[in-house]
Amino acid sequence: MTETADKLSRRDQILQALAHMLETNPGARITTASLAKAVGVSEAALYRHFPSKAKMFEGLISFIEETVFSRINRILQDFELADQRCEKTLTLVLTFAEKNPGMCRLLSGDALSGETERLRQRIQQFFDRIEMQLKQILREAEMREGKVPLQTASAAANLLTAVVEGRIRQYVRSEFAAMPTQYWDEQWSLLAPALLREKNLASVTV
């Protein structure tokens with residue numbers, strides 16, 4: 017039991033050190049040698065916990081997925097209205113990004129240049145899941161609230177996902193100076209009215 021706890025603790029230390037290096041060395045390529053030095057262990061010790069650097073990145077991506085999607089599930093439980101669900105979901109992702117700048121280098125793909133294609137696919141899947149969740153929220157609005165998307169659920173969900181992804185990329189490009197949540201309240205006030213309308217208005221012709 018103690019051995020397992022120690023292993024998990026060391027594994028977490030490695031992932032935390034990797035996230036910190038991603039944050040403090042923007043644009044730099046991280047080597048296992050530099051990571052081992054930051055953790056205070058040998059490269060061989062790193063490989064006892066992760067067989068490759070790709071697996072270390074996968075560990076961080078898994079953390080992102082588990083954290084974000086578990087909280088989205090709570091949002092769906094706590095809020096009924098579609099516009100609230102969308103706003104809370106997007107705010108969650110932006111806030112998570114702002115608090116974890118190193119992770120944003122993964123989400124933007126900045127840190128994955130030259131890495132295995134599997135990692136880039138995992139990031140693509142992350143945003144695809146966000147978009148799918150938003151699409152589902154908008155589609156369910158008709159049944160729950162008698163509202164329908166102004167355009168299509170697919171188009172609206174894609175726009176919202178693009179906004180979030182763009183804010184994260186901007187955060188990385190500015191070397192973490194342009195905060196993802198900056199102007200978000202004002203921007204959401206522009207986006208929200210363009211999402212849904214009452215169902216009975218959808219059939220009105222001019």
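Letter 66 of the sequence shown, counting from 1, is numbered 82 in this note's numbering, and no numbers are missing. Idealized CB from N, CA, C, for every residue including glycine.
Collapsed DSSP secondary structure at residue i in the structure displayed
{"i": "E214", "result": "strand"}
{"i": "P42", "result": "coil"}
{"i": "F192", "result": "coil"}
{"i": "F142", "result": "helix"}
{"i": "Q149", "result": "helix"}
{"i": "T177", "result": "helix"}
{"i": "V222", "result": "Only weak support is given to the placement of V222: the predicted model assigns it a pLDDT of 37, under 50, and the question is left unresolved by the model."}
{"i": "E131", "result": "coil"}
{"i": "Q203", "result": "helix"}
{"i": "S170", "result": "helix"}
{"i": "Q186", "result": "helix"}
{"i": "G125", "result": "coil"}
{"i": "Q32", "result": "helix"}
{"i": "Q198", "result": "coil"}
Contact check, residue i vs residue j, beta carbons under 7 Å
{"i": "L110", "j": "R87", "result": "no"}
{"i": "F143", "j": "E181", "result": "yes"}
{"i": "A52", "j": "S58", "result": "yes"}
{"i": "K151", "j": "S170", "result": "yes"}
{"i": "M195", "j": "E114", "result": "yes"}
Classification of residue i by the beta-carbon crowding that lies within 10 angstroms, buried from 16 upward
{"i": "S124", "result": "buried"}
{"i": "D99", "result": "buried"}
{"i": "G118", "result": "buried"}
{"i": "T47", "result": "exposed"}
{"i": "A149", "result": "Checking the displayed sequence, the identity of residue 149 turns out to be Gln instead of Ala. When all chains shown are included, Q149 counts as buried."}
{"i": "P209", "result": "exposed"}
{"i": "A60", "result": "exposed"}
{"i": "A35", "result": "buried"}
{"i": "T177", "result": "buried"}
Boundaries of the alpha helix (DSSP H) in which residue i is found, first to last residue
{"i": "P165", "result": "That residue, P165, is in no alpha helix (DSSP H); its beta strand (DSSP E) goes 163-165."}
{"i": "D94", "result": "69-94"}
{"i": "Q100", "result": "98-115"}
{"i": "E59", "result": "59-65"}
{"i": "T48", "result": "48-55"}
Whole-number beta carbon distance between residue j and residue i, since they are thought to touch under 8 Å
{"i": "R145", "j": "F85", "result": "7 Å"}
{"i": "V164", "j": "L212", "result": "7 Å"}
{"i": "V55", "j": "I91", "result": "Between I91 and V55 the Cβ distance is about 35 Å, and since that is not below 8 Å, they are no contact."}
{"i": "R160", "j": "E74", "result": "At roughly 36 Å, the Cβ-Cβ gap does not stay under 8 Å, so R160 and E74 are not in contact."}
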